[in-house]
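In the numbering used here, the protein residues as written are 10 to 308.
Virtual Cβ for every residue (Gly too), placed ideally from N, Cα, C.
These notes are about the structure you will find just below.
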């Protein structure tokens, strides 16, 4: 079976360019391009800070190789022991300034584990998920409907499976609460052949902008004040906790010798923690917990 890493790399580079171009139109400001190279590969970080819409965001491409897979990628995979690896992906996180515009994450990636004289072992992973602060049902339903549309051409089984996987993965076990309202998430995808899995992964990447841009446009002009920003800062703390404690992509990037500045671009610029805080009963802040931070079928 042909494993076409060149085609994957070309797609990912193009995806990064297309997403950044669209986000620059949305924001009105330019992303900074920062190419980097380390001992085991390199990448291009595209970063925006203090933009018109995004307080901070990044759309990163990385392509790294190594003599052995880091523990974060090889755990539960005894078949890859002693193999070298090649990993490539695009990962983005956007933190808008307006608390009514959700934070969003998207990632698509490919791994190939190689060994002289043996067939390569490959798989794909990725997904996208939405983290609102003040949530609206029409926004959440829209995001989930586009996630479903990305997967429908490949089989009806994928969306419910990847949706449930997302709900379970983006969960802060120490808080006993989801990070946000979910989306789709998948890893270890190799069933159906390389072409099938690559096409599915491309579809996920290609559906990011239709999933998120209409929500950002709809909410960007919403009025807000110090109360809403304070709640946004507090909830951003959950984002930080998840990325530093649980996120496999963060751990893999650090274990594989990736560039720390690029890996940690996912963290918001301003965040706040409080001791044992609870939202006021009946408040818009409580509504996030009671109506949205509960996994359910949105479409």
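Have a look at residue i and residue j and give me their C-alpha separation to the nearest angstrom.
i	j	result
residue 120	residue 17	10 Å
residue 155	residue 126	42 Å
residue 149	residue 307	7 Å
residue 285	residue 243	12 Å
residue 46	residue 74	12 Å
residue 248	residue 276	7 Å
residue 238	residue 130	46 Å
residue 32	residue 203	30 Å
residue 63	residue 140	14 Å
residue 67	residue 218	14 Å
residue 86	residue 96	16 Å
residue 185	residue 173	16 Å
residue 269	residue 262	8 Å
residue 279	residue 60	14 Å
residue 294	residue 171	28 Å
residue 222	residue 160	19 Å
residue 292	residue 207	44 Å
residue 7	residue 77	Beyond the ends of the chain as shown, which are 10 and 308, falls residue 7; an answer cannot be given.
residue 51	residue 105	27 Å
residue 220	residue 153	8 Å
residue 5	residue 230	Nothing about residue 5 can be reported from this structure: the residues present for the chain run from 10 to 308 only.
residue 302	residue 147	15 Å
residue 225	residue 113	10 Å
residue 136	residue 123	25 Å
residue 304	residue 257	21 Å
residue 1	residue 250	Given that the chain is displayed from residue 10 to residue 308, the structure contains no residue 1 and the question cannot be resolved.
residue 144	residue 227	12 Å
residue 166	residue 182	27 Å
residue 162	residue 296	35 Å
residue 101	residue 15	21 Å
Go to residue i, then tell me how far its beta strand (DSSP E) extends in each direction, as first and last residue.
i	result
residue 297	Counting along the chain, residue 297 falls outside any beta strand (DSSP E), and DSSP gives it neither H nor E.
residue 94	93-105
residue 189	First-last for residue 189: undefined, no H or E at that position.
residue 67	63-75
Starting from residue i and walking both ways along the alpha helix (DSSP H), at which residues does that stretch end?
i	result
residue 205	203-215
residue 240	235-254
residue 177	167-178
residue 17	14-36
residue 268	Careful: residue 268 lies outside any alpha helix (DSSP H) and carries neither H nor E.
residue 148	146-160
Specify the secondary structure class of residue i as computed by DSSP and reduced to three states.
i	result
residue 131	strand
residue 122	strand
residue 47	strand
residue 110	coil
residue 40	coil
residue 262	helix
residue 227	helix
residue 89	helix
residue 281	coil
residue 273	helix
residue 257	helix
If contacts are defined as beta-carbon pairs under 8 Å, then residue i and residue j qualify, I think. What distance do you get, rounded to the angstrom?
i	j	result
residue 198	residue 132	6 Å
residue 99	residue 214	7 Å
residue 40	residue 55	4 Å
residue 342	residue 69	One cannot answer for residue 342 here, as it falls past the ends of the chain, which runs 10 to 308.
residue 42	residue 57	About 11 Å separates the two Cβ atoms, so there is no contact after all.
residue 134	residue 195	6 Å
residue 175	residue 232	No, residue 175 and residue 232 are not in contact; Cβ-Cβ is about 31 Å, not under 8 Å.
residue 234	residue 281	Their Cβ separation, rounded to whole angstroms, is 16 Å, which puts residue 234 and residue 281 out of contact at 8 Å.
Counting C-beta neighbours from all protein chains within 10 Å, is the total for residue i 16 or more, i.e. buried, or is it exposed?
i	result
residue 72	buried
residue 178	buried
residue 168	buried
residue 151	buried
residue 36	buried
residue 299	exposed
residue 11	exposed
residue 254	exposed
residue 241	buried
residue 201	exposed
residue 287	exposed
residue 283	exposed
residue 164	exposed
residue 236	exposed
Does at least one heavy atom of the ligand GTP sit under 6 Å from the Cβ of residue i?
i	result
residue 106	The ligand GTP is absent from the structure shown, which contains no ligands of any kind.
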